[in-house]
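Notes to accompany the following structure.
There are 2 protein chains.
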Amino acid sequence: MTLQRLGELGLIRRIRARAQRDAGAGVLKGIGDDTAVLALSPGASLLATTDLLVEDVHFRRATAAPADIGWKAIMVNVSDIAAMGGEPRYALIGLAVPGSTPAEDIEAFYDGMHAAASVHGVSIVGGDTSSTPHGWCIDVTLLGEHAGVPRLRSAARPGDTVAVTGSLGRSAAGLAVLEGGAAAVPAEVARELAQAHLRPCARVAEGRWLGRAPGVHAMMDVSDGVATDLAHICRESSVGARVRLADLPVAAATRAAADALGGDADRWAAAGGEDYELLVTCAPGEVAALVRGLRDATGTALTAIGEIEAGPVDVRWIGRDGGPVAFHAGYEHFHGTGRPGAGGTAA
Amino acid sequence: MTLQRLGELGLIRRIRARAQRDAGAGVLKGIGDDTAVLALSPGASLLATTDLLVEDVHFRRATAAPADIGWKAIMVNVSDIAAMGGEPRYALIGLAVPGSTPAEDIEAFYDGMHAAASVHGVSIVGGDTSSTPHGWCIDVTLLGEHAGVPRLRSAARPGDTVAVTGSLGRSAAGLAVLEGGAAAVPAEVARELAQAHLRPCARVAEGRWLGRAPGVHAMMDVSDGVATDLAHICRESSVGARVRLADLPVAAATRAAADALGGDADRWAAAGGEDYELLVTCAPGEVAALVRGLRDATGTALTAIGEIEAGPVDVRWIGRDGGPVAFHAGYEHFHGTGRPGAGGTAA
């Protein structure tokens, strides 16, 4: 059945039934009134972020199923909350789709959103739906809370070590696999990388732990690629940075895909984006303790990749041969270069 | 200069500078980090609502200037907070526009948003921007707070009087004027009605007062037209309603435009939508006191238009001749009937 036949009220009824079933504590009033009414923990600050996903800009229907799009729409926002060291709580969904869209696609999209939300205890509490003459346009706003002091992009200091959680480049490798490279790599590699691209996992537990750990200064999530995102930290902190390409943590599957597909694993890792790892700067003497502590608390690796420097706001990349490497920074909307990370650069 | 030339970072710099200048108390961190960090009043509940505005669905560039679109994008959301009896505080803006858009249009759009926001003490604290291959898609999320008990749609009781603030039908009349009828009506009538359509004013003070007044039960804002919006109250409260067309408050300018343009002022008032007045139900014995009290406190009229009834969930309309009148309910997206109010039906 198309949305045209189901109608907006029919659609909202279905959306609402599911949201009510999944609503967690704190939802005093969810979907169905002029606004949602929500509780926060006493004394906590409110965190708020919004991210757009536009068809044929952030995703293509050919390579991403509706449930994948829904998952990602939630997770990229959860990642922003994680990057503050906060707790994700509530989501509001703006969804504009053509009337010819099958209602099953929208239900699958909501399935994906609820799946991602439930991983992190997020309740979907409101939204708005609209027809559009064009492609899908999705805007998710995520509300969270922080009982302490959030970790800002502006807190990096000269001398800090730059470190990153997990593994970089898997999402870009996954996209290459999805866009025609699947046959060239082993099935389990293709599966792992496609999953990394379509179903990223926000580092909420890692953000919570790093956000409280002594010695951590700046923190943000890697949505547009380290090349772009570390430049944001430098700009906000008025510092420079130096990063060694050889030190970027790159998974074996990513290297295997690069070899098979003629890709550049280093470039995927530095500038591919959409990995949703956490990028931190910390006091250099604390790195070893942070690496051990994060591993023990969450099972996730933390890898030092460079240093913050006094001096011009700029990220200098050092190649495997010791010489300089230039990345044109990650995706900038409107210029139409690179590939967009779905993470917002303006909160 | 087009956005293509300015680039996303250039655009965000401009957006951010203005938002910082206008930021009110409570904005601990605005645009420029992974999330905004915000304060709420101790003990207050958080209110959250989101509304989409899609080009050629909610507005046409031919009849609405960018600053008008910006004003409305904020105000329709503020109206939802008003309808809970709450205080609007913070806005996040999702904006997808083509790269060919002049940067001046986007700045004018933000001018309009800031103008509307400043009327109600709202700070713009975050957002996301994206290119799109198609028309404008705007999603505004508004966060507010409520120190007491919000007024819900589900609180109407049989026997309640149904009443509405201000005047109905002016927005529909204004659209008729804008879509080619301006020459047929006096200039001051055209100006008043076009203003009502393009620059609606949310009833925040009225919502605050009515939200605290004894005897007020259900409350919501009139975004899709009384015919549709009262049906929402009936459905949420499991009650019916009876409304007398002759009792709807209709401004002289609206009647003048209807006469001149061959429109139906009663239909504009009942089903036109986008008036952003407040619709309340209240104990019948309290109506007179509420009318006086609201007028004294805010200068705004409150007019009784019907009653809530036990029985089937349905709104019965009584025409000027005493007989029944049928309105097909206001806009439903995807069906493509009527005209969309920009107010969300799902929070």
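Just so you know, the protein sequences line up as chains A and B, in that order. This note's numbering puts the first residue of the first sequence at 1, with every later residue one more than the last. This note's numbering puts the first residue of the second sequence at 1001, with every later residue one more than the last. Virtual Cβ for every residue (Gly too), placed ideally from N, Cα, C. Quick caveat, the model's predicted, so the values are computed rather than measured.
Using three-state DSSP, classify residue i as helix, strand or coil.
i: B/TYR1090; result: strand
i: A/ARG242; result: strand
i: A/ARG320; result: coil
i: B/VAL1325; result: strand
i: B/ALA1274; result: For the sequence presented, residue 1274 of chain B should be read as Glu rather than Ala. In the structure shown, B/GLU1274 sits in coil (DSSP, three-state: anything other than H, G, I, E or B).
i: B/VAL1313; result: coil
i: B/ALA1283; result: coil
i: A/ALA304; result: strand
i: A/PHE334; result: coil
i: B/ALA1346; result: In this prediction, B/ALA1346 has a pLDDT of 39, which is less than 50 and means its spatial position is unreliable; what the coordinates show is noted afterwards. The answer is coil: DSSP assigns B/ALA1346 none of H, G, I, E or B.
From which residue to which residue does the alpha helix (DSSP H) around residue i run?
i: A/ALA21; result: Looking at the sequence itself, residue 21 of chain A is Arg, so the reference to Ala does not match. 3–22 is the span of the alpha helix (DSSP H), which, as asked, contains A/ARG21.
i: A/ALA288; result: 287–298
i: A/ALA265; result: 265–271
Should residue i be listed as close to the ligand NAD, given that the test is whether its C-beta is under 6 Å from any heavy atom?
i: B/LEU1143; result: Of the ligands one can find in the structure shown there are none, so the ligand NAD has no counterpart to examine.
*Decide if the stretch 1106–1125 of chain B is in contact with the stretch 1052–1060 of chain B; the criterion is three or more beta carbon pairs, one per stretch, under 8 Å apart.*
no
*Pull out every residue of the stretch 1004–1029 of chain B whose Cβ sits closer than 8 Å to any Cβ of chain A, in chain order.*
GLN1004, LEU1006, GLY1007, GLU1008, LEU1009, LEU1011, ILE1012, ILE1015, ARG1016, LEU1028, LYS1029
_When you compare the stretch 1215–1232 of chain B with the stretch 1065–1085 of chain B, are there three or more beta-carbon pairs, one atom per stretch, that lie closer than 8 Å?_
yes
*Ordered list of beta strand (DSSP E) runs contained in the stretch 1207–1261 of chain B, each at least 3 residues*: 1216–1221, 1240–1244
_Completely contained beta strand (DSSP E) runs for the stretch 102–187 of chain A, where each covers 3 or more residues_ = 123–131, 137–146, 161–165
*Tell me the start and end of each unbroken alpha helix (DSSP H) in the stretch 35–103 of chain A that is at least 4 residues and wholly inside, in chain order.*
66–82
*Mind listing which residues of the stretch 1152–1165 of chain B have their C-beta closer than 7 Å to chain A's C-betas, in chain order?*
LEU1152, ARG1153
*Of all the residues that make up the stretch 174–200 of chain A, which are near chain B by a beta-carbon distance shorter than 9 Å?*
none
*Counting Cβ pairs, one atom from each stretch, are 3 or more of them under 8 Å apart for the stretch 1179–1188 of chain B and the stretch 1267–1286 of chain B?*
no
*Proximal residues, the stretch 104–130 of chain A versus chain B, C-beta separation under 7 Å*: VAL125, GLY126, GLY127, ASP128, THR129, SER130
_Three or more C-beta pairs below 8 Å linking the stretch 227–236 of chain A and the stretch 134–147 of chain A_ = no
*Mind listing which residues of the stretch 249–272 of chain A have their C-beta closer than 8 Å to chain B's C-betas, in chain order?*
none
*Is there contact between the stretch 89–105 of chain A and the stretch 143–153 of chain A, where contact requires at least three CB pairs shorter than 8 Å?*
yes
*Taking one C-beta from the stretch 196–208 of chain A and one from the stretch 156–174 of chain A each time, how about it: are there three or more such pairs within less than 8 Å?*
yes
*Stretch pair the stretch 34–49 of chain A + the stretch 1037–1046 of chain B: three plus CB contacts closer than 8 Å*: yes
*Identify each residue in the stretch 229–240 of chain A for which the Cβ-Cβ distance to at least one residue of chain B is less than 7 Å, and report them in chain order.*
GLU236
*asked:* Which residues of the stretch 216–230 of chain A have a Cβ closer than 7 Å to any Cβ of chain B? Give them in chain order.
replied: MET220, ASP221
*Evaluate the contact criterion for the stretch 1272–1288 of chain B versus the stretch 1155–1174 of chain B: three or more CB pairs, one atom per stretch, below 8 Å.*
yes
*asked:* Give me the subset of the stretch 1047–1064 of chain B whose CB atoms are less than 9 Å from a CB atom of chain A, sorted by chain position.
replied: LEU1047, ALA1048, THR1049, THR1050, ASP1051, LEU1052, LEU1053, VAL1054, GLU1055, ASP1056, VAL1057, HIS1058
*Spell out a yes or no on whether the stretch 60–73 of chain A and the stretch 98–114 of chain A are touching, meaning 3 or more CB-CB pairs, one atom from each, closer than 8 Å.*
yes
*Could you run through the stretch 1030–1045 of chain B and flag, in chain order, every residue whose CB is less than 7 Å away from some CB of chain A?*
ILE1031, GLY1032, ASP1033, ASP1034, THR1035, ALA1036, VAL1037, LEU1038, ALA1039, LEU1040, SER1045
*Can you list, in chain order, the residues of the stretch 1288–1310 of chain B whose Cβ is nearer than 7 Å to any Cβ on chain A?*
none
*Cβ contact (3+ pairs, closer than 8 Å) linking the stretch 1206–1217 of chain B and the stretch 1284–1296 of chain B*: yes
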